[in-house]
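Residue numbers (this note's numbering): 1 to 388.
Okay, so here's the structure we're looking at.
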């Protein structure tokens with residue numbers, strides 16, 4: 001079946017997460033993604049465990065981490081110190097549409113794998129560089145890792161309970177979101193560049209940095225800073241601009257409440273048997289609720305603690321008050337909605353049998369996502385692409 005990116009060849013010179021996340025999405029949409037790996041060890045994440053899934057070709061381990069970002073790809077081992085293999089790699093690039101790399105700035109130039117060199121042999125090439133700090137600036141030559149970028153980029157300063165609630169201090173997000181968001185920005189840039197090439201015949205270079213990305217997706221928190229001049233602070237699960245919009249206590253645990261407008265707040269007050277709060281001038285509009293959150297929330301919590309979570313979830317859903325359980329990862333995949341949307345897929349692996357993977361969230365009516373290739377064994381496809 002034809003896919004959106006069928007016929008697009010991608011030479012993937014990335015490892016770890018940001019780059020592989022982008023190239024996995026390209027593979028999901030039908031691109032032929034050739035993952036270039038170091039002989040013997042491969043992508044660093046092959047050995048990032050536990051959990052691990054055993055030894056493979058060349059002694060490399062295939063970790064759960066590696067599997068999460070590398071489905072749909074072909075693995076080709078190339079020794080950059082070998083003039084013959086390097087020449088064969090450049091021949092692959094000559095026939096490629098896209099190169100994605102995440103080496104340190106300037107590191108590929110000595111091998112003739114930088115954009116300036118490769119664009120001479122393939123002027124239509126879209127070349128995407130993913131680094132910690134970008135190709136310019138005082139820190140351009142430094143390595144960047146997700147956790148340090150979450151800290152430097154302001155995310156940790158707004159993640160975790162407030163100092164008044166806990167002495168735990170700043171927290172990082174439980175998934176490498178700076179890496180993943182950088183991968184998604186890279187993906188959108190690559191597709192935009194391919195569209196530009198369709199119109200003009202010209203390739204181009206794309207420069208994507210984890211640090212820039214982290215600042216960009218601060219979104220409303222960044223704009224709150226620009227408008228107010230004050231840096232946002234940690235508020236746990238609470239929202240800086242909406243109240244009540246946070247995890248709330250019940251008789252037997254917590255649920256997530258996401259009341260986004262005054263009508264929903266009025267229905268919440270009705271459900272909690274405190275309808276007078278909706279008409280109280282301190283709480284009748286969202287700006288007033290934000291200003292008076294310290295007064296309002298204890299009143300709501302008092303009522304919420306009188307019934308178990310399931311009672312409130314059922315009642316609130318029946319009254320179209322946005323809410324949800326706070327699931328474990330296993331519970332999230334067990335949700336009927338997750339099962340109905342087929343978010344858990346299986347791909348046949350040549351050694352491990354059926355391998356589970358999380359579905360790409362895109363549902364495309366004409367060019368659906370396909371899951372035909374499991375995360376590759378190290379060097380599994382080398383002989384298909386290199387002469388020797």
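Positions of the beta carbon are idealized from the N, C-alpha and C atoms, including for glycine.
> At what residue ranges does the region 175-210 contain a whole run of the beta strand (DSSP E), taking only runs of 3 or more?
Replying inline: Note on the region 175-210: whole beta strand (DSSP E) runs with a minimum of 3 residues are 204-209, in chain order.
> Smallest Cα separation from residue 305: which of 205, 273, 259, 236?
Replying inline: For the purposes of this step, residue 305 is identified with residue 305 of the chain shown, where counting begins at 1. Considering only alpha carbons, the answer is 273.
>> Among the candidates 266, 359, 352, 354, whose CA atom is the shortest distance from the CA of residue 322?
In response: Translated into positions along the chain shown, residue 322 becomes position 322. In terms of Cα proximity to residue 322, the closest of 266, 359, 352, 354 is 266.
> residue 10 and residue 32 look like a contact to me (Cβ under 8 Å); what is the Cβ gap, rounded to whole Å?
Replying inline: The sequence position of residue 10 within the chain shown is 10, counting from 1. The sequence position of residue 32 within the chain shown is 32, counting from 1. Yes, they are in contact, since the Cβ atoms of residue 10 and residue 32 sit about 7 Å apart, within 8 Å.
> Taking the alpha-carbon positions, what's the residue 23 to residue 155 distance?
Replying inline: The residue you call residue 23 lines up with position 23 of the chain shown. The residue you call residue 155 lines up with position 155 of the chain shown. Each residue's Cα considered, the two are about 25 Å apart.
> For residue 146, which of helix, strand or coil comes out of DSSP?
Replying inline: The residue given as residue 146 occupies position 146 in the chain shown. Taken through DSSP and simplified to helix, strand or coil, residue 146 comes out as helix.
> Can you tell which of 171, 135, 167 has its C-alpha closest to the C-alpha of residue 152?
Replying inline: Mapped onto the chain shown, residue 152 falls at position 152. Residue 152 has its Cα closest to that of 171, out of 171, 135, 167.
> So, is residue 178 buried or exposed, given that buried needs 16 or more other C-beta atoms within 10 angstroms?
Replying inline: The residue labelled residue 178 in the question sits at position 178 within the chain shown. Looking at its Cβ environment, which holds 16 or more other Cβ atoms inside 10 Å, residue 178 is buried.
> At what residues does the alpha helix (DSSP H) containing residue 314 begin and finish?
Replying inline: One-based indexing of the chain shown puts residue 314 at position 314. For residue 314, the uninterrupted alpha helix (DSSP H) run begins and ends at 309-318, by DSSP.
>> Could you give the first and the last residue of the continuous beta strand (DSSP E) run that contains residue 349?
In response: Taking the first residue of the chain shown as 1, we reach residue 349 at position 349. Residues 344-349.
> What are the boundary residues of the alpha helix (DSSP H) that residue 121 is part of?
Replying inline: Residue numbering aside, residue 121 sits at position 121 when the chain shown is read from its first letter. 115-121 is the extent of the alpha helix (DSSP H) around residue 121.
> Would a C-beta distance cut-off of 8 Å place residue 236 and residue 161 closer than the cut-off?
Replying inline: Residue 236 sits at position 236 when you count from the first residue of the chain shown. Residue 161 sits at position 161 when you count from the first residue of the chain shown. Cβ distance < 8 Å, so residue 236 and residue 161 count as in contact.
>> Just verifying my parser: in three-state terms, what is the DSSP assignment at residue 393?
In response: This structure cannot settle anything about residue 393, because the visible part of the chain is limited to 1 through 388.
>> In this structure, how does DSSP classify residue 12 when only helix, strand and coil are distinguished?
In response: As a position in the chain shown, residue 12 is number 12, starting the count at 1. Reduced to three states, the DSSP call for residue 12 is strand.
>> At the level of alpha carbons, what is the spacing between residue 243 and residue 150?
In response: Taking the chain shown and counting its residues from 1, the one referred to as residue 243 is at position 243. Taking the chain shown and counting its residues from 1, the one referred to as residue 150 is at position 150. Just so you know, the alpha carbons of residue 243 and residue 150 end up roughly 26 Å apart.
> Given a threshold of 16 other Cβ atoms within 10 Å of its Cβ, counted over all protein chains shown, does residue 383 qualify as buried or as exposed?
Replying inline: In the chain shown, the residue the question calls residue 383 occupies position 383. When all chains shown are included, residue 383 counts as exposed.
>> By alpha-carbon positions, which one of 29, 74, 84, 95 ends up nearest to residue 1?
In response: On the chain shown, residue 1 is found 1 positions in, with the first residue counted as 1. Nearest option by C-alpha distance: 29.
> With 16 as the cutoff for other CB atoms within 10 Å, does residue 362 come out buried or exposed?
Replying inline: Position 362 of the chain shown holds residue 362. Classification of residue 362: exposed, given that the 10 Å Cβ count is below 16.
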